[in-house]
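In the numbering used here, the protein residues as written are 239 to 426.
Even glycine gets a Cβ: it sits at the ideal position worked out from N, Cα and C.
These figures come from a predicted structure and were not determined experimentally.
Scroll down for the structure; my scribbles are underneath it.
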């Protein structure tokens, strides 16, 4: 937590967010493509467990950066909205973010189901083992989908323009506006 605070206070949240996003995306996609290329250790080996554990540690780092920076960016965005529109819509913006997360999660589950059907992944109850061909197809299609969707998300998220300097101007403007409203209310 202390290290995260040190980094977050010295770097634009947008860049840390994009870094976390890229780390998380790489951690999810790299093992799939490395498997297809035959570059991972043998299935069931201790070496494979170590490599996959490393990817999970990296995913945890990426997710941590996303969580910290998304809260900062959310707070700054709600301040900007209040400054520009002269009305607070914090709950509405939070609701839209939550809705977007649920929508993306649901869409991901639907596409995952389609991919499982497409590659002929056996039903768990059937007791049929997954063949190497099915596993390779699953890695290929899931990896490509995850990479394409992830890169599209990265492109969209990179358009976030609110900088720390601009946010400081907004906060100063909001304080001045609030001070003027209090002065008017006290004199009126």
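- Query: Between the region 282-301 and the region 320-333, do three or more beta carbon pairs fall short of 8 Å?
  - Reply: no
- In the region 357-416, which residue ranges form an unbroken alpha helix (DSSP H) of at least 4 residues, counting only runs that do not cross its ends? 370-395
- My understanding is that residue 368 touches residue 359, with C-beta atoms under 8 Å, so please give their C-beta distance in whole angstroms. 7 Å
- Message: Let's test the definition: count the other Cβ atoms within 10 Å of the Cβ of residue 311 and tell me whether it reaches 16, buried, or not, exposed.
- Response: buried
- Task: With a 10 Å radius around its C-beta and 16 neighbouring C-beta atoms as the bar for buried, classify residue 292 as buried or exposed.
- Result: exposed
- Task: Compare the Cα-Cα distances from residue 412 to each of 318, 241, 313, 356 and report the closest residue.
- Result: 318
- Task: Flag this pair as touching only if the region 272-282 and the region 375-385 have three or more C-beta atom pairs under 8 Å; answer yes or no.
- Result: yes
- Go ahead and pull the three-state DSSP assignment for residue 326. coil
- Message: For residue 391, tell me which candidate among 351, 260, 370 has the shortest Cα-Cα distance.
- Response: 260
- With a Cβ-Cβ cutoff of 7 Å, do residue 277 and residue 286 count as a contact? no
- Beta-carbon separation of residue 254 and residue 388 under 7 Å? no
- Can you name the start and end residues of the alpha helix (DSSP H) that residue 244 belongs to? 240-246
- Task: Give me the Cα-Cα distance between residue 396 and residue 426, rounded to the nearest whole angstrom.
- Result: 46 Å
- Item | Distance, residue 336 Cα to residue 352 Cα | 25 Å
- Considering residue 271, what are the terminal residues of the alpha helix (DSSP H) in which it resides? 251-274
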